[in-house]
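Colleague:
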Amino acid sequence: MGSGNKRNTQALGNLFAIIDCNNFYVSCERVFRPDMRRRPVVVLSNNDGCIVARSNEAKSLGIAMGTPYFKAKKLLRDNNAGVFSSNYTLYADMSERVMEIIEMFCPECEIYSIDEAFVSLCGLQEKPEIWARRLRKTILSWTGIPVSIGIAETKTLAKIAGRTAKKSAGGVFILPEDPEKRKGILEGVKIDDIWGVGRRLGFKLKNLGAGNALDLSRMKPETARRRFSVNMERTVLELGGEPCFSLELAPPAKKAITVSRTFGRPVSSLKELKEAVSFYAVRACEKLRAQNSRAEILTVFANTNRFSGNAYFGKEVRVLESPTLQTSEIIKEAESCAEKIFRQEKRFVKAGVILSGLLPLNCSGPGLFDASGRKQEEKLMKTIDKINQFNDAGITWASAGLEKPWKTAANRRSPRYTTCWKELPMAKA
Numbered sequence: 127m128g129s130g131n132k133r134n135t136q137a138l139g140n141l142f143a144i145i146d147c148n149n150f151y152v153s154c155e156r157v158f159r160p161d162m163r164r165r166p167v168v169v170l171s172n173n174d175g176c177i178v179a180r181s182n183e184a185k186s187l188g189i190a191m192g193t194p195y196f197k198a199k200k201l202l203r204d205n206n207a208g209v210f211s212s213n214y215t216l217y218a219d220m221s222e223r224v225m226e227i228i229e230m231f232c233p234e235c236e237i238y239s240i241d242e243a244f245v246s247l248c249g250l251q252e253k254p255e256i257w258a259r260r261l262r263k264t265i266l267s268w269t270g271i272p273v274s275i276g277i278a279e280t281k282t283l284a285k286i287a288g289r290t291a292k293k294s295a296g297g298v299f300i301l302p303e304d305p306e307k308r309k310g311i312l313e314g315v316k317i318d319d320i321w322g323v324g325r326r327l328g329f330k331l332k333n334l335g336a337g338n339a340l341d342l343s344r345m346k347p348e349t350a351r352r353r354f355s356v357n358m359e360r361t362v363l364e365l366g367g368e369p370c371f372s373l374e375l376a377p378p379a380k381k382a383i384t385v386s387r388t389f390g391r392p393v394s395s396l397k398e399l400k401e402a403v404s405f406y407a408v409r410a411c412e413k414l415r416a417q418n419s420r421a422e423i424l425t426v427f428a429n430t431n432r433f434s435g436n437a438y439f440g441k442e443v444r445v446l447e448s449p450t451l452q453t454s455e456i457i458k459e460a461e462s463c464a465e466k467i468f469r470q471e472k473r474f475v476k477a478g479v480i481l482s483g484l485l486p487l488n489c490s491g492p493g494l495f496d497a498s499g500r501k502q503e504e505k506l507m508k509t510i511d512k513i514n515q516f517n518d519a520g521i522t523w524a525s526a527g528l529e530k531p532w533k534t535a536a537n538r539r540s541p542r543y544t545t546c547w548k549e550l551p552m553a554k555a
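For the sequence shown, our numbering assigns the number 127 to the initial residue and increments by one for each residue that follows.
1. Assuming Phe-231 is part of the alpha helix (DSSP H), what are its boundary residues?
2. Which same chain residues, not among the five before or five after Gly-208, have their C-beta less than 6 Å away from its C-beta?
3. Could you check the C-alpha separation between Gly-297 and Gly-270 for me, to the nearest Å?
4. Determine the burial state of Thr-544: buried for a count of at least 16 other Cβ atoms within 10 Å of its Cβ, exposed for fewer.
5. List the residues that DSSP assigns as beta-bridge partners of Thr-450.
6. Measuring alpha carbon to alpha carbon, tell me which of Arg-262, Cys-463 and Arg-415 ends up nearest Ile-144.
7. Of all the beta strand (DSSP E) runs that stay within the bounds of the segment 347-418, which reach a length of 3 or more residues?
8. With a cut-off of 8 Å, do at least 3 Cβ pairs link the segment 430-446 to the segment 459-471?
9. List the DSSP bridge partners of Gly-478.
10. According to DSSP, Gly-440 sits in a beta bridge with which residue or residues?
11. Given a threshold of 16 other Cβ atoms within 10 Å of its Cβ, counted over all protein chains shown, does Met-345 qualify as buried or as exposed?
12. Would you kindly report the start and end of the unbroken alpha helix (DSSP H) that includes Tyr-543?
13. Count the other C-beta atoms from every protein chain shown that fall within 10 angstroms of the C-beta of Ser-419, then say buried if there are 16 or more, exposed otherwise.
14. Do Lys-293 and Glu-401 have their C-beta atoms within less than 8 Å of each other?
15. Going residue by residue through the segment 228-289, where are the continuous beta strand (DSSP E) segments of at least 3 residues, counting only ones entirely within it?
16. Here's the rule: buried if 16 or more other CB atoms are within 10 angstroms of the residue's CB, otherwise exposed. What is Pro-369?
17. Nearest to Lys-476 by CA position, among Thr-522, Leu-528 and Val-403, is which residue?
18. Going by C-alpha distance, which of Ile-189, Arg-259, Leu-216 and Leu-481 is nearest Pro-551?
19. Leaving aside the five residues before and after Lys-533 along the sequence, list all residues of the same chain whose C-beta is less than 7 Å from its C-beta, in chain order.
20. Could you have a look at Ile-320 and say whether DSSP puts it in helix, strand or coil?
21. Just checking, does the segment 309-316 make contact with the segment 283-290 on the three C-beta pairs under 8 Å criterion?
22. According to the neighbour-count rule (16 or more other Cβ atoms, all chains shown, within 10 Å of its Cβ), is Trp-321 buried or exposed?
23. Classify Lys-285 as buried or exposed, calling it buried when 16 or more other Cβ atoms lie within 10 Å of its own Cβ.
24. Can you look up Phe-210 in the DSSP assignment and give me helix, strand or coil?
25. Rounded C-beta distance between Ile-237 and Met-225? I'm assuming under 8 Å.
26. By Cβ distance, which residues of its chain are closer than 7 Å to Thr-384, with the 5 residues on each side in sequence left out?
27. Would a C-beta distance cut-off of 8 Å place Asn-182 and Asn-206 closer than the cut-off?
28. Since Ala-184 is in the alpha helix (DSSP H), which residue starts that stretch and which ends it?
29. What number of angstroms, rounded off, separates the C-alpha of Tyr-214 from the C-alpha of Val-157?
30. Taking the straight line between their C-alpha atoms, what separation do you get for Ala-524 and Ile-510?
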C-alpha cells in the first residue's frame with residue numbers, strides 16, 4: 127500500500143506506547159501549589175473567559191470543558207475550588223522537562239502535543255509493563271506530573287489503551303492480545319473518540335453502521351479508502367493490529383505562524399493598536415527563528431466585536447521585499463499594516479499577525495551583496511532570543527510598548543516558577 131507518510135520499518139511490527147500527562151495544565155499548577163491537590167481546580171482560557179482544563183474533582187462537579195467561567199463561578203466558589211488563568215510559559219517549560227525524560231527512556235520519540243508523546247518500544251530490553259511503570263515513576267518524581275501510559279501494536283490502538291490507562295489505578299495499560307478481551311475494549315470506544323476520526327467523520331461512519339471502534343475495525347479497508355480516504359483505510363488497518371502510522375521523529379516545519387490575542391479591554395487608539403501588533407510581530411519572529419525559517423508574506427488583522435451592530439474586520443497583506451527573519455523589518459511593515467486597517471471610530475477587541483510563505487534559511491537566497499549582512503542579522507536575532515529565553519525582562523522593542531494596558535487579562539495567573547527569575551518559588555525553613 128502506498129503511503130505519503132514514510133514508514134519507520136524498525137518500528138513496524140513492534141509495540142508503540144503513548145505517554146499522556148493527566149489533566150496537564152491543572153497538574154502543572156498543582157506541582158507548585160500542593161494545597162490544591164485534593165481540591166477542584168480549573169484553568170481558564172485567554173482573558174479568563176472559558177474553562178479549558180479541569181481536575182477530576184472539578185469534572186465530578188459536572189463542569190464541562192469550555193464552560194464560560196461566569197456560569198461556573200458560584201459552583202466553584204461554593205466548592206472551594208482553585209481557579210487559575212492560563213500560564214502557557216509555565217506549561218511549555220514543564221512539557222519540555224517531561225519530554226526530555228521520555229527521550230532518555232526511549233530515543234525514538236514523537237512529541238505529539240504539549241502533553242502527549244508516542245514512542246516505539248522496538249529493541250526494549252525489559253518487559254513493557256516494567257518499563258512503563260519505571261518511566262511513570264521517574265516523571266512523577268522528577269517533575270511532579272502524573273502520566274498515564276497505553277501500549278499496543280499500533281499508534282491508534284495505543285491511543286485506545288491510553289484511554290483505559292487513565293482510568294486504571296496504576297496508570298499503565300497494555301492492550302490484551304486475547305480477542306475476547308480486546309473486543310470488549312474496542313466495543314466501549316465511541317466512533318468519534320477514535321484517534322483521527324472526530325465528530326464530522328464519526329457522524330458519517332455511524333450512518334454506515336459503525337458506531338464504535340470494533341465496528342470500524344471490521345470495515346473492509348478498501349471500502350474505507352473508497353468512501354473516505356487513505357488515512358481512514360490506515361485507521362481501519364491499525365485497529366486490526368497492522369501498523370500504518372510510523373513515528374514522526376522530526377515534525378515538519380509550520381507553513382504559517384500566527385500570533386493573535388483578544389485584548390484585555392477594547393483598543394480605540396492607533397498608538398495602542400500599533401503597540402499590540404508590534405508585540406505580536408516580536409513573538410511571531412521568535413517562533414519563525416526557532417524553526418530556522420524566513421517569511422515572505424506578512425498579514426495583520428484586527429477586528430471589533432462581531433456581535434456588535436457595526437462589526438468590522440480589517441486585514442492587510444504584504445509581500446515582503448525579501449524573505450526575512452529580522453524582527454525590526456517585520457515590525458516596520460506590521461505597523462504600516464496597522465495604520466491601513468485602523469478606523470478612528472472602531473473599538474478593536476482582537477488583533478493578530480500571520481507570517482506565511484515560510485522558507486528554510488538555506489533556501490531563502492539573499493542576494494550576492496547582502497549575504498554577509500543577512501548572516502550578521504541572523505546572528506544578532508538568535509543572540510537576542512537566547513538572552514530572552516533566560517530573562518523575561520530582557521531585550522525588547524520599544525514599539526511593542528512597555529505598560530501594555532491592552533494586554534490579555536490574566537488576573538488569576540500563577541507565577542512563572544521555572545522561567546522567570548523574579549517569580550521563582552520561595553522555600554521557607
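Even for Gly, the Cβ is constructed at its ideal location relative to N, Cα and C.
Computed from a prediction, not measured in an experiment: that's the story for all the values here.
Modeller: Taking the definition as stated:
1. 214-231
2. Met-162, Arg-165 and Val-167
3. 15 Å
4. buried
5. Under DSSP, Thr-450 forms a beta bridge with Ala-421.
6. Arg-262
7. 382-393
8. yes
9. Ser-386 and Phe-427
10. Ala-428
11. buried
12. Counting along the chain, Tyr-543 sits inside no alpha helix (DSSP H), nor does DSSP assign it H or E at all.
13. Around the beta carbon of Ser-419, 16 or more other beta carbons sit within 10 angstroms, so the residue counts as buried.
14. no
15. Counting whole runs of 3 or more residues, the segment 228-289 contains the beta strand (DSSP E) stretches 235-239, 242-246 and 273-278.
16. buried
17. Here the closest residue by C-alpha is Val-403.
18. Leu-216
19. So the list reads Gly-390, once near-sequence residues are dropped.
20. coil
21. Touching, yes, given that three or more Cβ pairs across the two stretches are closer than 8 Å.
22. buried
23. buried
24. strand
25. 5 Å
26. Gly-478 and Ile-480
27. no
28. Where Ala-184 is concerned, the enclosing alpha helix (DSSP H) stretches over 182-186.
29. Cα-Cα distance, rounded: 15 Å.
30. 15 Å
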